[in-house]
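Here the structure comes first, spelled out in structure tokens, and everything after it is commentary.
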Amino acid sequence: MELIKLENVSKSYDGTLVLDELDLTVNENEFVTLLGPSGCGKTTTLRIIGGFESPDSGRVFFSGNDITTISPNHRHINTVFQKYALFPHMTVAENIAFGLKLKKKSQNYINDKISYALKLVNMDGYENRDTTSLSGGQQQRIAIARAIVNEPKVLLLDEPLGALDLKLRQSMQYELMRLKSELGITFIYVTHDQEEALTMSDKIVVMNQGYIQQIGSPEDIYNEPENAFVADFIGESNILEGIMLEDKLVSILGVKVPCVDVGFGNHKPVDVVIRPEDVELKEPGKGFMDGTITGCVFKGVHYEYDVMCGDYEWLVHTTEYFEVGKKVSLNVIPFNIQIMNKPESEDEEAMKEDE
Amino acid sequence: MKKFKNGVSIFYLAIIFLFLYAPILVLIGLSFNNSMSRTVWGGFTFQWYASMTQNDSIIDALGTTLRISIFSSILATILGTAAAVGICAMKKRNAQIMLGATNIPLLNADIVTGISMMLLITRFTHLGEASVMVSHIVFSVPYVIFNVMPRMQQMNASCYEAALDLGASPVYAFYKVVWPELIPGVLSGFLMALTMSLDDFTITYFTKGAGVNTLSTMLYTELRKGIQPELYALSTVLFLLAFGMLFLMNVKKEPNQNRKEAKA
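Protein chains in written order, with my numbering: chain F, 54 to 408; chain E, 36 to 299.
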């Protein structure tokens, strides 16, 4: 079921275009992440859905109704802000009750809701605490509790974990996924952290410079990036220029390599993405290309190698140990070679400048 | 050696305070002197305070002063608070221009402000108590703005949006979320405006018109006739009034600072 729909939404600030004719559909009970570098328009998109910004052109629909001109206090959408935005002169309970009191709910209903919400975010017993005495992670939980007691159909989250440390961020990611499945509502989540996006989302919307680069499941986005920007932004990769000689055969750095992609035409220039963990290191002469190991860093789970082949430096992740200076050969199975069209349209070109 | 250093610094501090406050202490002392002389101590008395309260021109002036300063500081507080909220909502460049403009009355010599206010007001109407009030509002507004602005800037801007998000109307969101954060700044702005208005002589002198006297202008005209010990008493009262306000302002600030420390 379609819940939120943006149609041809454009927005500019002081003559700088932030969103250019954006179309986006969010379904009911979906965890959608808007992912991109800072300035890509993801926060602006969220603020337009929340009603804090109005688009210069285009329409916003909520359950089929046009809400483009409706002010935020009349939308059934709640937001968790980046810096928590708790009301500092109110207690935890007063913060959570804020929205309910405005809806003229009974005191009993409000009290039930407060204890329910605090339990949900693992903060029961904190009703009468001063918000300023809480840690960042606790404040964020209260901010989430304050939003969900209003039973919104959509919860907007604007980089809610950005200010927390790594360990807390990881545990909050699981909390959010749990909350999402318990509440059964739609989450629209904004982040620049690709790992966060891959962990939590049902659907990732990769954005850059006001354009949507790719929409898809975390697996799609990671394994089959549609262009060089997405490949580069999501995880580490080797992005090379290649020539598609014919179906299932690509030339990389002058070497013919079999792949599985078809339909790019003959002798067409393409971009080739190979993930560092998909490259195997073998004895010299046994792979498709020979090179020399020029760098080695131990990363815990694996070693990270730089392998020089001619004038291209490959990034390789493997658990095997090789000495720096050793001659090796690279091998990649055809399935792990991802072929992408060279940018042609201007929105695809836009992302090139960013690299 | 350390003891010596300490001694020197205490001595230095004592001298500074002596030079700062000795003249005022002399004045306060003289106000209790049971003698018309400025050099002879004739015993302790409250006589000058008593006769001060019998003096109609002093009582009139006191009433005028209180009316002017309370009215003008209340209005300046309302205008200044609204201005601070507005400036914070502006784009950075415009906000800087506005702040620069509000700086001018602060830096401008009082006498220039006084004369220009007088010229402006006499062009449209005659001088009187109302014109003094208007002029006092003019020079008090910047003090209020400068007290409220930091509170606005400290506030998390998303708080207001969060209130809207939870269903509050813009007016309710301001009243419930923004206003409580501004109160300390608004209060100290009000007290500052009140103090400035109570103390002002120059601008009042040029805009008061005939027959209207505040304490400071009355003091000035009386002094020209010859110094009466009553005036020492009056000056002491003025000093204590200003001192009291200053004290109140600092006491008011204390709990906020504690709260900020708790936050950090």
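Don't be surprised by glycine CBs; every beta carbon is placed ideally from N, CA and C.
- request: Would you mind reading off the limits of the alpha helix (DSSP H) that contains Asn41(E)?
  value: Lys37 to Ser66
task: Mind listing, in chain order, the continuous alpha helix (DSSP H) runs of no fewer than 4 residues lying wholly within the region 212 to 248 of chain E?
output: 214 to 234 and 237 to 242
For Trp367(F), the residue or residues it bridges with in DSSP: Note: Trp367(F) sits in a beta bridge opposite Val360(F).
- prompt: Excluding sequence positions up to five away, which residues of its chain have a Cβ less than 6 Å from the Cβ of Asp359(F)?
  reply: Thr347, Gly348 and Glu366
message: Counting only Cβ-Cβ distances shorter than 9 Å, please list the residues of the region 188 to 214 of chain E near chain F, keeping chain order.
response: Met190, Asn191, Ala192, Ser193, Cys194, Tyr195, Glu196, Ala197, Ala198, Leu199, Asp200, Leu201, Gly202, Ala203, Ser204, Pro205, Tyr207, Ala208, Lys211 and Val212
query: Between the Cα of Leu110(E) and the Cα atoms of Ser251(E), Phe241(E) and Ser170(E), which residue gives the shortest distance?
result: Ser170(E)
- request: Compare the C-alpha of Asn394(F) against each of Leu219(F), Asp183(F), Ala284(F) and Met361(F) and name the closest.
  value: Ala284(F)
- prompt: Are the C-beta of Asn291(E) and some C-beta of chain F separated by less than 8 Å?
  reply: For Asn291(E), the predicted structure reports a pLDDT of 47, less than 50, and the residue's modelled location is therefore unreliable. The matter cannot be settled from this model.
message: Contact criterion: CB-CB distance below 8 Å. Does Glu216(E) meet it with respect to chain F?
response: yes
message: Judging by CA-CA distance, which residue of Thr230(E), Glu265(E) and Phe278(E) is the nearest neighbour of Gln89(E)?
response: Glu265(E)
query: What does Phe105(F) touch in chain E if you count any residue whose Cβ is under 9 Å from its own?
result: Taking a Cβ-Cβ threshold of 9 Å, the residues of chain E close to Phe105(F) are Glu196, Leu199 and Asp200, in chain order.
- request: At 9 Å on the CB atoms, spell out the chain E contacts of Asn126(F), in chain order.
  value: The contacting residues are Ala198, Leu199, Asp200, Leu201, Gly202, Ala203, Ser204, Pro205, Tyr207 and Ala208.
task: Compare the beta carbon distance of Tyr242(F) and Phe84(F) with 8 Å and say whether it is the shorter of the two.
output: Yes.
- prompt: What are the residues that DSSP puts in a beta bridge with Ser382(F)?
  reply: DSSP, once it has assigned bridges, lists Lys335(F) and Asp343(F) as partnering Ser382(F).
query: Is the shortest distance between the beta-carbon of Lys158(F) and the beta-carbons of chain E less than 8 Å?
result: no
- prompt: Between the C-alpha atoms of Ala35(E) and Phe181(E), what's the straight-line distance to the nearest angstrom?
  reply: No answer is possible for residue 35(E): the residues shown for chain E start at 36 and end at 299.
- prompt: Which residues, taken in chain order from the region 149 to 174 of chain F, show a beta carbon closer than 8 Å to some beta carbon of chain E?
  reply: Phe151, Gly152, Leu155 and Lys156
query: Considering only residues of the same chain and omitting the five flanking positions on each side of Thr100(E), which have a CB-CB separation below 6 Å?
result: Thr249 and Leu250
- prompt: Counting pairs of Cβ atoms below 8 Å between the region 128 to 136 of chain E and the region 205 to 215 of chain E, do you hit three or more?
  reply: No: the two stretches stay apart, fewer than three of their Cβ pairs being nearer than 8 Å.
- request: Note down the Cα distance separating Val259(F) from Glu249(F), rounded to an integer number of angstroms.
  value: If you take the alpha carbons of Val259(F) and Glu249(F), they lie about 13 Å apart.
- prompt: With respect to the alpha helix (DSSP H) encompassing Leu214(F), which residues constitute its N-terminal and C-terminal limits?
  reply: Segment: none, Leu214(F) is in no alpha helix (DSSP H) and carries neither H nor E.
- prompt: What does Asn131(F) reach in chain E if we use C-beta pairs closer than 8 Å?
  reply: The contacting residues are Asp200 and Leu201.
message: Taking contact to mean 3 or more Cβ pairs, one atom from each stretch, closer than 8 Å, check whether the region 156 to 164 of chain E and the region 176 to 196 of chain E are in contact.
response: no
task: Along the alpha helix (DSSP H) that carries Ser168(F), what are the first and last residues, could you check?
output: Gln160 to Leu173
message: Between which two residues does the alpha helix (DSSP H) holding Arg231(F) run?
response: Leu219 to Leu236
task: Have a look at His129(F), Lys301(F) and Gly295(F) and flag the residue whose alpha-carbon is nearest the alpha-carbon of Ile57(F).
output: His129(F)
task: Examine chain E for any beta-carbon lying closer than 8 Å to the beta-carbon of Lys95(F), and answer yes or no.
output: Not a single CB atom of chain E sits nearer than 8 Å to the CB of Lys95(F).
task: Could you please give me the residues that DSSP links to Cys349(F) through a beta bridge?
output: Tyr358(F)
field: Best match in Thr244(F), Lys136(F) and Asn280(F) for proximity to Leu99(F) [C-alpha to C-alpha]
entry: Thr244(F)
Opposing strand residues paired with Gln131(E) [DSSP bridges]: According to DSSP, which records beta bridges pairwise, Gln131(E) is partnered with nothing at all.
message: Does chain E have any CB closer than 8 Å to the CB of Asn61(F)?
response: no
- prompt: Apart from the five residues just before and just after Gln263(E), which ones in its own chain have a Cβ nearer than 7 Å to its Cβ?
  reply: Glu257
- prompt: Taking all protein chains shown into account, do 16 or more other C-beta atoms lie within 10 angstroms of the C-beta of Ser92(E), making it buried, or fewer, making it exposed?
  reply: exposed
query: With 16 as the cutoff for other CB atoms within 10 Å, does Thr230(E) come out buried or exposed?
result: buried
Close-in-space but distant-in-sequence residues of the same chain around Gln192(F) (CB under 8 Å, 5 per side omitted): Tyr137, Leu139 and Thr184
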